[in-house]
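Under the numbering used here, the sequence shown has 545 at position 52, and the numbering climbs by one with no breaks.
Every residue, glycine too, gets a C-beta built ideally from N, C-alpha and C.
These numbers were taken from a predicted model, which means no experiment stands behind them.
Worksheet: the structure to be examined is printed underneath.
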Amino acid sequence: MGKNTSVVLTEQQEAFVRSQIEAGRYTSVSEAVRAGLATLQEREEMMTALRRDIDAGIASGDAGPLDMDAFLADLRR
């Protein structure tokens, strides 16, 4: 079971949440906030993975010069 926590929303955020509830997307403010937090968590996990991949690419060293004609020929095959 979850823990009750107080959250202060701006007027625009409150209006958005209410519109989502009225549209039937969520059944409560709590459900909408949980969905938003789940989306934020997924985004943070993706950003962490992306940063890790970028660091790995940088650590792998220089790829050397790119022969654009050979690259395009490979794509056509």
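| Asked | Found |
| --- | --- |
| Candidates 537, 525, 532 and 569, of which the one nearest residue 508 by Cα | 525 |
| Three-state secondary structure (DSSP) of residue 502 | coil |
| Three-state secondary structure (DSSP) of residue 531 | helix |
| Beta-carbon proximity check, residue 495 vs residue 521, cutoff 9 Å | no |
| C-alpha distance - residue 545 paired with residue 537, whole-angstrom precision | 12 Å |
| Alpha-carbon spacing of residue 554 relative to residue 567, whole angstroms | 23 Å |
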